[in-house]
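> No gaps in the numbering here: position 49 of the sequence shown is 228 in my numbering, and each next residue is one more.
We put the CB at the ideal spot given by N, CA and C, even for glycine.
On a predicted model such as this, the values are computed, not experimentally measured, just so you know.
Below is the structure I would like to discuss, written out as structure tokens.
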Amino acid sequence: MPGGRTLSPATRAGWSLQLAVLGFLAFSLLRAAAAPKSPDETDLFFNSGPVPFIRVEIPEDGMKQLRREARQYVRATVTEGGHVYTNVGVHLKGAAGSFRPVDAENPALTLNFDKFQEGQKFHGLDKLHLNNSVQDPSYTTELLCGELFLAAGVPAARAGHAVVELNGRRLGLYVLKEGFGKNFLKRHFSNPRGNLYDGGFLREISEPMERISGIEPTGQPEVAALVKACEIPDERERLAALEKRLDVDRFLSFIAMEMMVWHWDGYLMKKNNYRVYHDPDSDKISFFPHGMDQMFWQANGPVFPQAEGLVAASILNTREGRARYKARATQLTTNVFLVGALTNRILQVQARLRPVLASLDPQSAAQHDQEVRKLIREVEQRGAYLHRVLGGEGPKPVVFPPENVARVQGWKSRVDSGDARFSEGQEQGIPVLVVEAVPPTEPTAEPVQGMCLASYRVTVLLHPGRYAFEGRVRTDGVVSTGKSTRGLGAGLRISQHKRQNSLSGDAPWQEISYEFTVKEEEEEVELICDLRGSKGKAFFDRSSLLLRRLPDAPAESPSKPTPGATR
């Protein structure tokens, strides 16, 4: 401040409130622009009022059924705000990380109000989900990312919150999410009678999908036509065929936003957590995001990540498709991913939730404060990267001297699972990066659950071509039992790819090389010095870590992306 004047706590609080209001107004304009023009009862429910208290009563016969078949609907009575809803369909929900049995501390639930009683609605909603948010302790990313997708013109479920009670047992705060039902489709399409599919867990659209709604009795012919278009070898013919079967502009926004919020477990990077709708009027398919509870974790996640989804890869593997995708990502970064508005939206959600959490458990309210600060840092860091890279200030491509070898510097440590210790120093005159897997204090039922997944990483920008990531590695007592989709023991690889090289036990220094290909345009590649095991140390000779540019060859890269739980 001029003259060194210090603001009082009250004044600082006033400024913070004003900034929060301004940020909220800016973000509200974006959401309003993407929302349907005529607000309805559901808009009032999601945008105003206190956090609701929802009481769910399931008879004992229904509880027994859910213990046997968690995904089968049973009848329940739901009470909220003085309203009693009978014959509500309820089943358990959640995937590998979030599913909990019905008798657990916090089972996640799907409530279908017109499943057994046609026309019954909850504040205008025919279907909703009560997510336990065990993978998002901020209780915010589903709401925030849904609003970002909506602002980008991509249909997405709205989210709020609720305090939930099941059979007299207080479960706590939940994320309340709009269901992908008929009401959802009516909000975004003039014709909601098309087929809506659930992509399922790690399933591609070329595989059978569950039909959530629609009139097509068997098969998924409109999806099969899209798959056929994706398989056309010629780039121009493929894009022309895709334009007839897919809302390409909306899909580009969909995958660009998945990249921007780093939805590593979505369709673009994992062929997971998505819904597909065939609009009968346009005869085109649209994709919707889902499962957005592990977001923003990689600040420097590349603009062009490895595309595992068939439709995404079929577009991004064309010159025109990559150019349109990058242009859309740049546009969304400038006009939608507004860091100040996003962080103030997070603070607004926190202000609504904190009194509720404090009334439930003061300690959980304090923990939530920490998680909110963490989320704000992640959004700020992600935004800084996107604006730097897409705003023309991004990293420069690696320059190779005549011998086509470049040293790699700037390594940073990261733990994806388990516990690890990192150190840098000298070993008999050799500069080393050391990763040590710390064994769990208690034995685990599954070997992979007790495995440490830790690494040193650095991201480089490379021109199209063939490369080898090389270095010397040794191990000391590394145990690599269990399973891992990216490889076991110690080795070298690039992000989202599996490695065949692997050292374990007490292995002496060995030269390791990992070859890969960058196609068509400049691409950011994350190089990884990897350790995957339950105990032991991996040593990487820092002076030996290099990139070698290889002669061009027609052969494809031996490294192929594989789906899995870690990156």
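Let's see if you can read the secondary structure: which residues bound the beta strand (DSSP E) around residue 715?
714-720
> The alpha helix (DSSP H) with residue 663 in it runs from where to where?
No alpha helix (DSSP H) contains residue 663, which DSSP labels as neither H nor E.
> Only counting the same chain, and skipping five residues up and downstream in sequence, which positions put a Cβ closer than 6 angstroms to that of residue 656?
The beta carbon of residue 656 is closer than 6 angstroms to those of 715 in its chain, skipping five residues each way along the sequence.
> Excluding sequence positions up to five away, which residues of its chain have a Cβ less than 6 angstroms from the Cβ of residue 233?
259, 341, 343
> Residue 532 by DSSP, collapsed to three states: which one?
In this structure, residue 532 counts as helix in the three-state DSSP scheme.
> Looking at the secondary structure, which residues open and close the alpha helix (DSSP H) in which residue 547 lies?
541-567
> So, is residue 330 buried or exposed, given that buried needs 16 or more other C-beta atoms within 10 angstroms?
buried
> Taking the CB atoms as reference points, tell me whether residue 220 and residue 303 lie closer together than 7 angstroms.
yes
> Report the three-state DSSP secondary structure of residue 709 (helix, strand or coil).
Residue state, collapsed to three classes: strand.
> Leaving aside the five residues before and after residue 450 along the sequence, list all residues of the same chain whose C-beta is less than 6 angstroms from its C-beta, in chain order.
383, 487, 488
> Run through DSSP, which three-state label would residue 609 get?
strand
> Please state whether the Cβ-Cβ distance between residue 681 and residue 661 is less than 7 angstroms.
no
> If you drop the 5 nearest sequence neighbours on each side, which residues of the same chain put their C-beta closer than 6 angstroms to that of residue 659?
667, 668, 683, 712
> Using 8 angstroms for Cβ pairs, my map puts residue 367 next to residue 334. What's the rounded Cβ distance?
4 angstroms
> Below 8 angstroms on the Cβ atoms is my guess for residue 324 versus residue 440; work out the distance and round it to an integer in Å.
5 angstroms
> In three-state terms, what does DSSP make of residue 337?
coil
> Mapping the DSSP letters down to three states, classify residue 400 as helix, strand or coil.
helix
> Report the start-end ranges of each beta strand (DSSP E) in the stretch 236-288 that is 3 residues or longer and not cut off at the edges.
253-259, 262-272
> Taking only runs that begin and end inside the stretch 426-471, name each unbroken beta strand (DSSP E) of 3 or more residues, in chain order.
453-458, 463-468
> What does a CB cutoff of less than 7 angstroms around residue 579 pick up in its chain, not counting 5 residues either side in sequence?
585, 728
> Residue 380: buried (16+ other C-beta within 10 angstroms of its C-beta) or exposed?
Around the Cβ of residue 380, a 10 Å sphere holds fewer than 16 other Cβ atoms; the residue is exposed.
> Residue 389 by DSSP, collapsed to three states: which one?
Reduced to three states, the DSSP call for residue 389 is strand.
> By DSSP, does residue 309 sit in helix, in strand, or in coil?
Residue 309: strand per DSSP, three-state reduction.
> Give me whichever residues DSSP pairs with residue 356 in a beta bridge.
308, 338
> Might you give, ordered along the chain, the residues of its own chain that have their beta carbon closer than 8 angstroms to the beta carbon of residue 388, omitting 5 neighbours on each side?
The answer, listed in chain order, is 376, 377, 378, 379, 382, 399, 402, 455.
> From the DSSP output, in three-state form, read off residue 509 for me.
helix
> Considering only the beta carbon of each residue, do residue 709 and residue 653 sit closer than 7 angstroms?
no
> Assign residue 527 to one of three DSSP states: helix, strand, or coil.
helix
> Could you give the first and the last residue of the continuous alpha helix (DSSP H) run that contains residue 414?
414-424
> Quick one, are the C-beta atoms of residue 305 and residue 295 less than 7 angstroms apart?
In this structure, residue 305 lies away from residue 295, with their beta-carbon atoms at least 7 angstroms apart.
> Tell me residue 653's beta-bridge partners as DSSP assigns them.
718
> Anyone know if the C-beta pair for residue 697 and residue 650 falls short of 7 angstroms?
no
> Could you tell me if residue 438 is buried or exposed, where buried requires 16 or more neighbouring beta carbons within 10 angstroms of its beta carbon?
Looking at its Cβ environment, which holds 16 or more other Cβ atoms inside 10 Å, residue 438 is buried.
> Quick check on this structure: which residue in 283, 285, 273, 290 has the alpha carbon closest to the alpha carbon of residue 264?
290
> Residue 394 to residue 522, Cα distance in whole Å?
42 angstroms
> Can you tell which of 251, 502, 347, 314 has the C-alpha that lies nearest to the C-alpha of residue 471?
Distances from the alpha-carbon of residue 471 to those of 251, 502, 347, 314 put 314 closest.
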